[in-house]
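Presented below is the structure to which this report refers.
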Amino acid sequence: MHEVALVGRDADLAAIGGLLQGAAEGRGAALVLAAGPGEGRTALLSAAAAGWADGAGSAAGAGRASGWLVISVPGHADESEVAYGGLERLLGPLAGFLPELPAQWREPLLSVAGGRDPEAGPLPLCLAVVALLRRAAVERPVLCLFDDADLLDRPSWQVIRLAARRVGDTAVALLASVTASAAGHAAAAGLPMRRLRPLDEDACRELLRRLAPDISDDVVAGLLDLACANPAALTDLAAGLTPEQRRGYAALPAGLPPGSGLRRRLHSGLSALPRPTRILLLLAATDPEARPVDLLAAAARMDTARGSAAGREAERNGEVAAQTDAARERPRAARRGGNQQGGQQGGVEALLSDLDLAERAGLVVVGEDGVRFTPGVARSVVCEEEPLGRRRAAHLALAGVLGAGGRRLSALLHLAAVATGPDDELARELMVAAEEAPPVAAAGAQRRAAELSGSAGEAATALLAAARSLMAAGRTHEAGLLVRRAGNLRGSAIVRARARGVLAEINLRQAPAAAQEVLLEVADELMKPDPGGALEALLLAGEACSRTGEPGRYPELVRQVAECLGDGRTAVAESGGGVARAGRGTVEPQAMTPDEAMALHQVVGVADLMTGAEDAAFGHLREVLRLAEGTADPAGLIRAANTGLLLGQDKRAARLAGRAAGLARESGAHALVPAALEVAAFADLAAGRYDLATASALDGAAIARGAGRPDLADTHLALLGLLAAFVGDRESAVERLAAARRADAEVRGLSDWAEALLDLVAGQPASAAERLAGIFSSGSQILRVAVTPHLLEASAYLGVEGVTGSAVFDEWAARTRQSGWLALRSRCRALTTGDYDAAEDHFREALGWHERDDSPGFARAHTELLYGRHLRRRRRPAEARDHLRRAVDTFHRLDARPWSEQAMRELRAAGAKVDPIGRTPLTAQQERIAGLVAEGATNREVARQLHLSPRTIDHHLRNVFARLGVRSRTELARLLAAG
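According to our numbering, the sequence shown holds residues 178 to 1156 in order.
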């Protein structure tokens, strides 16, 4: 298994390589690897043997053979009490060298090799072992491997540890592994120890791709949750998947497959524990959120049940867990957990004592807030290894304890777990309790409610609710499976239509045209029986229409839903025409909730934009922003932030998106966090706040992968590439764009825009114009507006007049009433007019609008450059120089070197002598790099966090050193620490 398990273990392999390289050069040493079950320590030892036994990494000196002598002495639990059993196995491959040792060393070793206890003490025996290893190393380097060293018998390991400290001048390397537990750490005491870290997400994904190349992204995300970054668990799970499961067409397994090697190992460890410990582990595994005091009280309930006559009978049937005599003798007051502080404390201490064996075995970590399994996948094994009756008893005990403590949803879930048939009342209670729960917990409750529902319609409704909760949590793979199950049930037409709508929502970014068609059909079907459902479908259909650029039946369906909602609730206040005026008027405003009103204003405003009723559209969309200030719904806030972009209110959009991200984090809606950060990054980009945009995109890219949204991770990478392209950083832009898979139109549009900007700054306007025209013809509504200024600039270079979109942008910018967009409108007018005097007036007007903007930055510098070029070509060099100097200074401050160089060329052409620019403060990206380096991060670690290559980080770091006048990382850290 070691080939695949070593994915993501480069640093560990480097440490082992250093150990072996030193030994090959005559500098012997030892290293102990500590890790939990399945984390790869055995694989690393195997890799060391495979890579060095044949001399692949050997640097042996003269007179030595090219290969290594590799001796493997793994620990075994059943030999841990056999004194010197481990040392006897170490001596076997070295027996040929024993006759050459002096008698004082040879005799004690012969005793051990013959199965007799040596008369010599540990130190003489250790010196004899060192003498033997030294003799063997004369022929070739020696590598001794001790896997599970904490299971070796104590006398053998004591001798080996002593020897490890005495091989420094020999060609001997000792590489051992121990369990990452108290016992393992004690075994490694006094020796260099390296704790293996869990695989990071990228390494886990790479491992799964190697094991199952045809696995889908959704399935990868599901397996990552299940395996808890354990490489052995990932390997066993991937090996057990069916073709349908690999492609996401069948449900994933709930735990490790029956033939899993990791499962067998965990089972072995569990079987060695006494029953009280196993009972407590079962309770902890049954409810991962339970606190130690809850586990204590639940164990007391199980103990009480066992004491009854029925309980004794159930115990004989394996239905109620037994406690040991010692556990039963504890005072009942100490086991009931809650009435007396002193008794509670004593009970907690007893609980910790029971769990001590499991913690020493490295299976759990016990804290005040709960019990964490190590590895995490051990939780499912603990449950599966216990008989059904005992698992039911654990659920009932926890239900009683948690219900009494006010944790209603948890208690209901435990009751649901032991239900033996349909229970509509319990199903309804679960659905109500789920409304206030975080998405993952809500999904569990809703899914269980579906199983308990007596009617297919109620079950389908519960499954759809669970699917939506899972989507909010980022588990789209599971959500899709639930939606398909809901659609196959014999529910109402409404439920089936809603199921199709949810599937379309899942696929909206990858296939917007198909999603648009389905969502419009769903809205039409739900119009009369469920107008609220039709409105939800139209909200999503509006996003799809924006991506495709084709309205289809959207405006007509919006008119119909406004009419339907106007019958019993207020529709929308009339705002001067458009779709709303075509409806039936309004009723009392209080009949519709603010969130419903916001949604209706949203779809009506978008429909008005599609039909050319811009004034009416802007009225409705501004109302969306007003209502958004009072909502706490993250999804609604994200839609409102996108509305802010349509209105040109970029800073407000960024603020709303930031609120959405915060609320999504607090509520556990993990998938909505990167979606909100996507809008925040784009809004700050549009507002010229590149530092804030970069921070949001970096966070979004990191969070999106973990939230099961690789599509959003690609969008964030494309945004990072675009931000780099804005300042002319070709190297960073190309790297980030290459990392973003262009699977959907949005990512392709952002990438094309970035490449067009790089073309523009490189003096290739024809290529830039071609790319930008493609975006304008097929990109989303927001992208078409955003790229227009650059399209007009590229066209002006080429002398092309009458560019499509010029008038549309001009009218849109005027309606925004925002100084930043009005400045760009004036600049575009200056570039497209054939009247030189009028162009100058427009440039001056643009600079005036920039003055009113609180963060003009790059946009103003760009206008200064274009105006300065215009004045120079009009043979007014003195005036041109003022504008060009300001452009040079701003571009340099923003580290936009290509733009700065372009402005300097214009400045020289205007007759100015350009002096070298003095040292300037660090850019935001340089500050990030400097801060991470000062904290001790390597170039590779910084590169991973910032989605750049180590070579690019090295380039930026050299610039940081030059700007700050330091020569080393140490000086940099000292300077930053001093403030």
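For every residue, glycine included, the Cβ atom is placed at its ideal position computed from N, Cα and C.
query                                                                                                            : result
Burial state of Asp1014 (16 or more Cβ within 10 Å)                                                              : exposed
Rounded Cβ spacing between Gly244 and Arg317 (contact assumed at less than 8 angstroms)                          : 6 angstroms
Cβ shell of Ser944 (< 6 angstroms), same chain only, five flanking positions each side left out                  : Asp936
Test item: CB-CB of Ala1036 and Gly905 under 7 angstroms                                                         : no
Same chain only: Cβ atoms within 7 angstroms of Thr725, ignoring 5 sequence neighbours per side                  : Pro689, Ala690 and Gln693
Proximity below 7 angstroms, CB of Val850 to CB of Ile880                                                        : yes
Length of the line joining the Cα atoms of Ala990 and Thr1009                                                    : 16 angstroms
Sequence-distant residues of its chain with Cβ nearer than 6 angstroms to Arg283 (five each side left out)       : Leu275
With 16 other Cβ atoms within 10 Å as the buried cut-off, status of Leu132                                       : Nothing about residue 132 can be read from this structure; the chain reaches only from 178 to 1156.
Secondary structure of Ile193, DSSP reduced to three states                                                      : helix
Enclosing beta strand (DSSP E) for Met370 [first to last residue]                                                : Met370 to Arg372
Cβ shell of Pro1127 (< 6 angstroms), same chain only, five flanking positions each side left out                 : Asn1116, Arg1117 and Ala1120
DSSP state of Cys741 mapped onto helix, strand, coil                                                             : helix
Which listed residue (Leu840, Ala637 and Val209) has its alpha carbon closest to that of Leu368                  : Val209
Proximity below 7 angstroms, CB of Pro599 to CB of Ser646                                                        : no
Exposure of Arg624, with buried meaning 16 or more beta-carbon neighbours within 10 Å                            : buried
Beta strand (DSSP E) segment containing Ser354, residue limits                                                   : Val349 to Thr356
Touching by the beta-carbon criterion (3+ pairs, under 8 angstroms), the segment 344-360 and the segment 195-211 : yes
Option in Leu443, Asp464 and Leu1024 with minimal Cα separation from Gly547                                      : Asp464
DSSP bridge partner residues for Ala212 (one or two, in chain order)                                             : Thr356
Whole-angstrom distance between Gln779 and Leu786, CA atom to CA atom                                            : 11 angstroms
Nearest neighbour of Val247, chosen from Ser288, Ala200 and Glu216 [CA to CA]                                    : Ala200
Coil, strand or helix - Gly1025 by DSSP                                                                          : helix
Residues that DSSP places opposite Phe323 in a beta bridge                                                       : Ala353
Pair within 7 angstroms by beta-carbon distance, Ala357 and Ala581                                               : no
Under the three-state DSSP convention, the category Ser437 falls into                                            : coil
Whether Pro434 touches Gly417 by CB criterion (7 angstroms)                                                      : yes
N-terminal and C-terminal residue of the alpha helix (DSSP H) that Phe1190 is part of                            : Missing from the structure shown is residue 1190; the chain here goes from 178 to 1156 and no further.
Uninterrupted alpha helix (DSSP H) stretches inside the segment 1027-1068 (no shorter than 4 residues)           : 1034-1050
Three-state secondary structure assigned by DSSP to Arg549                                                       : strand
Touch test, the segment 668-677 against the segment 636-653, Cβ-Cβ under 8 angstroms, three pairs minimum        : yes
Start-to-end residues for the beta strand (DSSP E) that takes in Gly544                                          : Val541 to Gly544
Residue span of the beta strand (DSSP E) that contains Ile248, given as start and end                            : Leu246 to Ser249
Residues sharing a beta bridge with Ala207, DSSP                                                                 : Leu351
Cα-Cα separation, Ser632 to Ala326                                                                               : 58 angstroms
Simplified DSSP assignment, three categories, for Val781                                                         : helix
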